[in-house]
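To start, the structure under review is shown below, and the notes come after it.
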Amino acid sequence: MIDFIKARCTDKEWIENILVENPEHFNTNQKLKCSDGEITYPLMGNLENLRIKVTERDAYLSGSLHKYFNLKKIGKAANCDQFSFCDLIESIKLLQIDLQNYDLRKTVITQLESGFNIEVDNCQELIRNKILMEKFRLFTANGDNTRIDQRNFRRDDYVMKIYHKGKEHENEELCSYELLRFEVKITRSRVLKNMGICSLLDLKRLDCFNSIYKSLISRFKNLTIIDELNPKELRDHSSKEIILFKDGINPFYWNNLRGTDSSRKKKAFNRLLENLNLLNTKRDIMHKISQQYGFMIHGTSLKPSPSQC
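Residue numbers for the sequence shown, in my numbering: 2 to 310.
Structure below.
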């Protein structure tokens with residue numbers, strides 16, 4: 002579930018010192034001023050796939066914790082297998098050791114990406130023809146001109162992406178070809194703080210893990226995903242409902258609605274989708290996400306078992 006993180010290390014001197022003193026371990030690109038031997042910033046280093054950057058004022062750590070864990074365990078930078086809560090806890094422990102026992106309480110997470118890899122029957126068809134909107138707004142890019150079919154929804158506090166993960170990693174042993182990736186990157190630390198997440202150590206707390214899951218589900222529910230664009234059942238409905246359906250599947254239609262009129266029509270449109278039985282794809286994905294989360298924290302159920310970690 003947890004993948005990319007970006008965190009500011011508040012003890013900048015500690016991070017700078019370990020990069021300078023262990024250039025081979027961190028693959029440090031140390032540069033010194035010829036005149037006085039001082040470091041030329043930025044000072045860069047790597048820890049497996051994780052990137053460390055030190056400037057005159059700050060130190061940052063960024064990258065995929067999931068890939069970091071797999072590199073440490075199996076030597077592959079893959080992130081399409083399951084990454085459980087116990088795996089996350091172990092990755093944090095490994096990271097702290099690699100940073101020479103740096104106090105992870107002295108970190109501030111500024112970005113956090115999490116999501117699920119979901120096996121589906123026809124990923125390309127689903128992305129191109131069934132995922133229409135998020136909060137009744139159009140996606141910002143669809144990725145049709147790249148090798149990954151994709152839907153991006155960029156908002157003030159987060160970026161949501163839905164794409165063909167199996168196609169991205171079709172040569173990767175750990176990936177199923179028909180693999181849908183649903184992920185949300187929170188881009189504001191204040192949003193994370195409201196979820197109780199401040200430092201990297203907070204990621205070891207089950208309540209924070211649950212908060213991230215609930216946030217993902219909440220945002221997934223805002224997606225408009227319908228089974229088909231031309232349902233035969235629509236012919237049996239009133240002309241008013243036919244017009245509402247044809248208007249409603251067009252994101253630009255909702256741009257011109259405001260206030261109570263917008264709210265009323267959104268509710269009517271959602272009811273119509275229910276009546277037409279067009280939400281099976283969305284329900285199926287929701288069910289798979291719920292099942293996957295259960296395995297992530299306990300193996301088979303949603304009840305956590307911290308003793309397993």
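Ideal Cβ placement from N, Cα and C applies to all residues, glycine included.
For S216, the enclosing alpha helix (DSSP H) has its first and last residue at L207 to K222. Where K268 is concerned, the enclosing alpha helix (DSSP H) starts and stops at G260 to N276. DSSP places Y103 outside both helix and strand once states are collapsed to three, so it counts as coil. CA-CA distance, H299 to L89, rounds to 13 Å. The closest CA to that of E14, considering only R138, Y61 and V160, is found on Y61. As DSSP reads the structure, I226 sits in a beta bridge with I132. Under the three-state reduction of DSSP output, H299 falls in the helix class.
I19 sits close to L100, with the two beta carbons spaced by under 8 Å.
Cβ atoms of V185 and R220 come within 8 Å of each other, at about 5 Å.
By the Cβ neighbour-count rule, D237 is exposed, with fewer than 16 other Cβ atoms within 10 Å of its own. Distance from the Cα of L273 is smallest, within the candidate group F253, N256, F246 and R259, for F246. Here T108 is actually not in contact with A269; their C-beta atoms are around 47 Å apart, not less than 8 Å.
The alpha carbon of P232 has as its nearest neighbour, out of L258, K131, F253 and I16, the alpha carbon of K131. V121 sits in coil when the DSSP states are folded into three classes, being neither helix nor strand. In this model, L180 and D150 are separated by some 11 Å (Cα to Cα).
Here H165 carries a strand assignment [DSSP, helix/strand/coil]. In this structure, I16 is the residue among T282, T111, Q83 and I16 with its C-alpha nearest to the C-alpha of D104. Beyond the five residues adjoining it in sequence on each side, G64 comes within less than 6 Å, by CB distance, of N50, L51 and R52 in the same chain, given in chain order. Distances from the alpha-carbon of E57 to those of I93, M45, N223 and H67 put M45 closest.
Ranking D262, I3 and I243 by CA distance to the CA of N118 puts I3 first. Within a 10 Å sphere around the beta-carbon of K166 sit 16 or more other beta-carbons, which makes this residue buried.
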